[in-house]
Ligand code: ADP
Ligand code: MG
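Numbering (UniProt numbering), first residue to last: 1 to 304.
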């Protein structure tokens, strides 16, 4: 279960690394929350691991879109890049506080997607806050935004979420990582790009993390979120958390529909894809127990 020192790990941070449910989106909440992730990452680095970090941006990109909704100035691709700068800056500052100034660097990253990805015609990715139904209808009429009901109650804006095919800045990320930097990359899933141009959409950060980890030849993919592992029969009386699970068993549960799209689905898919394409271990668990999840002591551990 343990990996040798010097191995490469990709850490994917969920929304709760910056913003907990019910908290306002502002610098104070983000600064306070980001410390947990920074502490875990720096501990991994202190133990000799090379770490590349990625993170989600749904709440923040939705927040920026809403700020300029009456006078749109920038499209979603540029807003996505803005959140990579914003969240990347907060992350590298927090990591540097543990490791020393200049040890980490954030790379604004683009990912190639298929121009004809069917996702462009079927928006599914939640961004921004929850709205009441009436509000959502109003916004939809006014701005042409698409909304869907969110499982947590209420309505939320949805945008296309194309499949990431290639990470454009991969070689730059690899070289920075090999040179000893802690690299933050493909934040918010990376800016979706087709034929060299940014497109309106938000790539799923878990799928981008799997691609990044596979292409970097990482040994470990660590997905930290707000639940303590992957459950089958989630929130049913017979729910069961998976400890160590083999990838083919997890694939069976995936096919049986235990993991909804937009939350646990992409994390499980990311773990499956990473292991099937040569990764040694994918771990999914709670940010608060992140170090133990990394060590294989908590969370769900996916192996071949
Ligand atoms: P993140 O911001 O980390 O990507 P998400 O909200 O997208 O977080 O996904 C984590 C959520 O997935 C958990 O809060 C949990 O409620 C939900 N979830 C849905 N199905 C499952 C399942 N089968 N096992 C565990 N969590 C699940
Ligand atoms: Mg998510």
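Every residue gets a Cβ at the ideal spot worked out from N, C-alpha and C, and that includes glycine.
Taking the alpha-carbon positions, what's the residue i to residue j distance?
i           : j           : result
residue 111 : residue 193 : 6 Å
residue 21  : residue 35  : 17 Å
residue 29  : residue 82  : 18 Å
residue 191 : residue 115 : 13 Å
residue 122 : residue 172 : 33 Å
residue 86  : residue 237 : 41 Å
residue 64  : residue 126 : 14 Å
residue 43  : residue 214 : 23 Å
residue 301 : residue 25  : 32 Å
residue 262 : residue 58  : 11 Å
residue 292 : residue 286 : 9 Å
residue 278 : residue 218 : 9 Å
residue 290 : residue 66  : 32 Å
residue 227 : residue 165 : 28 Å
residue 304 : residue 225 : 22 Å
residue 255 : residue 269 : 10 Å
residue 274 : residue 113 : 19 Å
residue 68  : residue 23  : 21 Å
residue 8   : residue 137 : 46 Å
residue 102 : residue 92  : 8 Å
residue 71  : residue 145 : 14 Å
residue 187 : residue 53  : 8 Å
residue 152 : residue 207 : 22 Å
residue 282 : residue 258 : 18 Å
residue 196 : residue 178 : 27 Å
residue 168 : residue 38  : 26 Å
residue 120 : residue 265 : 19 Å
residue 288 : residue 253 : 26 Å
residue 242 : residue 180 : 34 Å
residue 170 : residue 240 : 37 Å
residue 19  : residue 32  : 9 Å
residue 48  : residue 74  : 41 Å
residue 294 : residue 17  : 16 Å
residue 234 : residue 260 : 10 Å
residue 118 : residue 97  : 43 Å
residue 135 : residue 163 : 30 Å
residue 132 : residue 154 : 5 Å
residue 27  : residue 60  : 11 Å
Per DSSP, residue i is paired with what?
i           : result
residue 286 : 225
residue 197 : 194
residue 231 : 241
residue 104 : 182
residue 301 : 244, 283
residue 167 : 111
residue 220 : 9, 281
residue 55  : 13
residue 92  : None, per the DSSP bridge assignment.
residue 159 : 125
residue 50  : 8
Would you say residue i and residue j are within 8 Å of each other, going by their C-beta atoms?
i           : j           : result
residue 223 : residue 209 : yes
residue 13  : residue 56  : yes
residue 189 : residue 203 : yes
residue 159 : residue 212 : no
residue 45  : residue 90  : no
residue 84  : residue 108 : yes
residue 280 : residue 220 : yes
residue 284 : residue 267 : yes
residue 182 : residue 95  : yes
residue 148 : residue 156 : yes
residue 306 : residue 104 : Residue numbering for the chain in the displayed model covers 1 to 304; residue 306 lies beyond these limits and cannot be assessed.
residue 311 : residue 150 : Coverage of the chain is limited to positions 1 through 304, which leaves residue 311 absent and any answer about it impossible.
residue 251 : residue 272 : yes
residue 88  : residue 106 : yes
residue 247 : residue 276 : yes
residue 229 : residue 299 : yes
residue 140 : residue 201 : no
Is there at least one non-hydrogen atom of the ligand SAM closer than 7 Å to the beta-carbon of residue i?
i           : result
residue 238 : In terms of ligand content, the structure shown lacks the ligand SAM and carries the ligand ADP and the ligand MG instead.
How about residue i: is its C-beta nearer than 8 Å to some C-beta of chain C?
i           : result
residue 231 : Any reference to chain C falls outside this structure, which holds one protein chain only.
(request) Could you tell me which uninterrupted beta strand (DSSP E) segments, each at least 3 residues in length, are contained entirely in the region 121–155, listed from first to last along the chain? (result) 125–131, 146–149
(request) Could you please go through the chain and list the residues whose beta-carbon is closer than 6 Å to any non-hydrogen atom of the ligand MG? (result) 14, 56, 263
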